[in-house]
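Protein chains in written order, with our numbering: chain E, 114 to 210; chain B, 114 to 210. For each residue, glycine too, the CB sits at the ideal point set by N, CA and C.
Protein chains: 2
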Amino acid sequence: MAIEPLSEEERAEALDALDEWDYDEARDAITRTLTFKDFSEAFAFMTRVALLAEKADHHPEWSNVWNRVEILLTTHDAGGLSHRDVDMAEAIDALVE
Amino acid sequence: MAIEPLSEEERAEALDALDEWDYDEARDAITRTLTFKDFSEAFAFMTRVALLAEKADHHPEWSNVWNRVEILLTTHDAGGLSHRDVDMAEAIDALVE
Numbered sequence: 114m115a116i117e118p119l120s121e122e123e124r125a126e127a128l129d130a131l132d133e134w135d136y137d138e139a140r141d142a143i144t145r146t147l148t149f150k151d152f153s154e155a156f157a158f159m160t161r162v163a164l165l166a167e168k169a170d171h172h173p174e175w176s177n178v179w180n181r182v183e184i185l186l187t188t189h190d191a192g193g194l195s196h197r198d199v200d201m202a203e204a205i206d207a208l209v210e
Numbered sequence: 114m115a116i117e118p119l120s121e122e123e124r125a126e127a128l129d130a131l132d133e134w135d136y137d138e139a140r141d142a143i144t145r146t147l148t149f150k151d152f153s154e155a156f157a158f159m160t161r162v163a164l165l166a167e168k169a170d171h172h173p174e175w176s177n178v179w180n181r182v183e184i185l186l187t188t189h190d191a192g193g194l195s196h197r198d199v200d201m202a203e204a205i206d207a208l209v210e
């Protein structure tokens, strides 16, 4: 089941709304870096994101160094950003608000 | 509390023993990439490593893309590889044996 990438207009609108996310043009992806008090808090956050990701069947590319978590979202099946990335970004933002 | 880096001889011995790990000379670090059946298994493994890391107060630099986990171990306080990395690598290997 192919997933449609965002149109130019939809992408512009999404990037405008997702204040905390940067656009990675080379990957047609969005990225966010979050910093926590320590590793325990960072990994607790990652666990919550993992549950979201598994539920949505949409998984981030991400890395962690102690209290820092870097997340990249893109949709391989769409060849770039899709509504699934926007939904996941909004869900991640809701976790850390 | 400074941690001593491995001597040349200790490093050579450790790298010889850690079959599954590659040496990153630029970082004076060791790296291992593991592949699992799916995200759920990969993240379950990461959770077990997180518990090891917190217990040892020694944390990996790592990334995950779906079923793949890349781990880099080095000791910032030692400016490179220390016995703490060797111990952590052995503990991680024991998890996946």
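Checklist entry - Does the Cβ-Cβ distance between glutamate 183 of chain B and tryptophan 175 of chain B come in under 8 Å? => result For the purposes of this step, residue 183 of chain B is identified with residue 70 of the second sequence, where counting begins at 1. For the purposes of this step, residue 175 of chain B is identified with residue 62 of the second sequence, where counting begins at 1. It is a contact, given that the beta carbons lie within the stated cut-off.
Checklist entry - What is the rounded straight-line gap between the Cα of methionine 201 of chain E and the Cα of alanine 142 of chain E? => result On the first sequence, position 88 is the one that residue 201 of chain E refers to. On the first sequence, position 29 is the one that residue 142 of chain E refers to. If you take the alpha carbons of methionine 201 of chain E and alanine 142 of chain E, they lie about 12 Å apart.
Item to check | beta strand (DSSP E) segment containing glutamate 126 of chain E, residue limits | outcome: Position 13 of the first sequence, counting from 1, holds the residue named residue 126 of chain E. For glutamate 126 of chain E, no beta strand (DSSP E) encloses it; the enclosing alpha helix (DSSP H) starts and ends at 121 to 130.
Next on the checklist: Suppose only complete runs of 3+ residues qualify. What are the beta strand (DSSP E) ranges in the segment 174 to 203 of chain B, listed by chain order?
Outcome noted: Here the runs fully enclosed are 174 to 178, 181 to 186.
Next on the checklist: With a threshold of 8 Å between beta carbons, is histidine 172 of chain B in contact with chain E?
Outcome noted: In the second sequence, the residue the question calls residue 172 of chain B occupies position 59. Chain E contact via Cβ: present.
Checklist entry - Are any of the Cβ atoms in chain B nearer than 8 Å to that of alanine 125 of chain E? => result Here residue 125 of chain E refers to the residue found at position 12 of the first sequence. Among the CB atoms of chain B, none fall inside 8 Å of the CB of alanine 125 of chain E.
Item to check | Simplified DSSP state of aspartate 59 of chain E, which is helix, strand or coil | outcome: What the structure shows of chain E is the stretch from 114 to 210, and residue 59 of chain E is not part of that stretch, so it cannot be assessed.
Checklist entry - Hey, is serine 176 of chain E's beta-carbon within less than 8 Å of any beta-carbon in chain B? => result What you label residue 176 of chain E is simply residue 63 of the first sequence in a count that begins at 1. Judged by the 8 Å Cβ criterion, serine 176 of chain E is in contact with chain B.
Checklist entry - Nearest-angstrom Cα distance between valine 209 of chain B and glutamate 133 of chain B? => result Numbered from its first residue, the second sequence carries residue 209 of chain B at position 96. Numbered from its first residue, the second sequence carries residue 133 of chain B at position 20. Distance between the alpha carbons of valine 209 of chain B and glutamate 133 of chain B is about 11 Å.
Next on the checklist: Give me the DSSP bridge partner(s) of leucine 147 of chain E.
Outcome noted: One-based indexing of the first sequence puts residue 147 of chain E at position 34. When beta bridges are read from the DSSP output, leucine 147 of chain E appears opposite E:Val182.
Next on the checklist: Only counting the same chain, and skipping five residues up and downstream in sequence, which positions put a Cβ closer than 7 Å to that of glycine 193 of chain B?
Outcome noted: Here residue 193 of chain B refers to the residue found at position 80 of the second sequence. Leaving aside the five residues that flank glycine 193 of chain B on each side, the residues in its chain whose CB is nearer than 7 Å to its CB run, in chain order, Pro118, Asp141, Thr187.
Checklist entry - If we ignore side chains and look at the alpha-carbon of each, how far apart do threonine 148 of chain B and glutamate 138 of chain B end up? => result The residue labelled residue 148 of chain B in the question sits at position 35 within the second sequence. The residue labelled residue 138 of chain B in the question sits at position 25 within the second sequence. Approximately 23 Å between the Cα atoms of the pair.
Checklist entry - For the candidate residues E:Ile205, E:Ser195, E:Phe158, whose alpha-carbon lies nearest to that of glutamate 121 of chain E? => result Against the first sequence, residue 121 of chain E aligns to sequence position 8. Distance check between glutamate 121 of chain E and each of E:Ile205, E:Ser195, E:Phe158 places E:Ser195 closest, using alpha-carbon atoms only.
Item to check | For arginine 197 of chain E and arginine 124 of chain E, the rounded distance between their alpha carbons | outcome: Against the first sequence, residue 124 of chain E aligns to sequence position 11. Against the first sequence, residue 197 of chain E aligns to sequence position 84. Between arginine 124 of chain E and arginine 197 of chain E, the C-alpha separation is close to 12 Å.
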